[in-house]
């Protein structure tokens, strides 16, 4: 029995990532991925039994990291300006470390078990925002905010973040743009005009 080799697995994952990023899951073929990785198609299937399993291996960490931002414990984050700096830092690191996987999830997951990830993430983030709005309304009963504003806020914030992810050309630019973006969002556009 042939032993699975880590360097071959890494090559398969790297080439699959590039392929999914360029063509999306639906248009990617195991044959093309195998050829790019320099392995026989049959050997590729020894590592990953199907294209969905390969897709999951390529995107799993990005998926877990991004969803963990919403569902994770945020008790350690302080209030005030420190929260903005921490959010900017965490989002910047996420893009720097998981950019390709995140882009594949967001724009190349059609036909997978993670299809619709972007919409689900908008909804989860909107739920998160809604809890903050409810807290705000309890402490400001004379000027409450409508909870329904959470969805447009979620979409607007995340689409801007995804645009940085798509277009930033270097780690430094990702860091700078993400931190500035979060800063402007949290201090409010009114401060700029």
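In the numbering used here, the protein residues as written are 76 to 268.
All C-beta atoms in this analysis are idealised placements derived from N, C-alpha and C, irrespective of residue type, glycine included.
These numbers come from a predicted model, not from an experiment.
The beta carbons of residue 175 and residue 96 sit about 6 Å from each other, so the pair counts as a contact at 8 Å.
Comparing C-alpha distances from residue 133 to each of 250, 178 and 144 shows the shortest one belongs to 178. Within the same chain, Cβ atoms closer than 7 Å to the Cβ of residue 257 are found at 159, 162, 163 and 166, the five residues on either side in sequence being excluded. In the structure shown, the three-state DSSP call for residue 115 is coil. Residue 255 carries a helical assignment under DSSP once its states are collapsed to helix, strand and coil. Counting along the chain, residue 143 sits inside the alpha helix (DSSP H) bounded by residues 126–146.
In this structure, residue 197 lies near residue 229, with their beta-carbon atoms less than 8 Å apart. Ranked by Cα distance from residue 128, the options 88, 81 and 200 are led by 88. It is roughly 23 Å from the alpha-carbon of residue 109 to the alpha-carbon of residue 137.
Here residue 180 really is in contact with residue 192; their C-beta atoms are around 5 Å apart, less than 8 Å. Per DSSP, residue 209 is one residue of the alpha helix (DSSP H) stretching across 192–214. For residue 142, the closest alpha carbon among the candidates 188, 199 and 168 is that of 199. With respect to the C-alpha of residue 260, the residue from 79, 240, 235 and 80 having the closest C-alpha is 235.
Taking residue 114 as the centre and dropping the five residues before and after it, the same chain places the C-beta of 83 and 87 closer than 7 Å to its C-beta, in chain order. Relative to residue 171, the option among 100, 221, 215 and 239 whose CA is nearest is 239.
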